[in-house]
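**Q** Heads up, the sequence shown is in my numbering, so the first residue is 7 and it goes up one at a time.
Just so it is clear, CB atoms sit at the ideal spot from N, CA and C, and this is done for glycine as well.
Dropping the structure in here first, questions after.
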Amino acid sequence: MKDVLDKQKERAIETLKQMSEKEQDIVKKLDIDYVITVLTNKPHGAMPF
7 MKDVLDKQKE RAIETLKQMS EKEQDIVKKL DIDYVITVLT NKPHGAMPF
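Next up, the structure:
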């Protein structure tokens with residue numbers, strides 16, 4: 007079960023990174039980058055922290 011969740015999490019992160027790269031609205035991009043940061047526990051993109 008944990009394997010399935012890990013794979014789903016990895017796929018979600020990949021998809022969010024693609025969305026972040028394509029996003030033109032800076033606020034939406036920050037929101038997406040924040041979710042990636044929370045999921046990976048590593049800063050991503052232009053996060054101010």
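1) Apart from the five residues on each side of it in sequence, which residues of its chain come closer than 8 Å, Cβ to Cβ, to Ile42?
2) Between which two residues does the alpha helix (DSSP H) carrying Lys5 extend?
3) Use the C-beta contact count for Asp39: other C-beta atoms within 10 angstroms, 16 or more gives buried, fewer gives exposed.
4) What residue range is occupied by the uninterrupted alpha helix (DSSP H) comprising Lys35?
5) Under 8 Å, do Lys13 and Leu45 count as touching if we go by C-beta distance?
**A** Quick look at the numbers:
1) Ile19, Leu22, Lys23, Ser26, His50, Gly51
2) Residue 5 cannot be examined here, being either before or after the span of the chain that is shown, 7 to 55.
3) buried
4) 32-46
5) no
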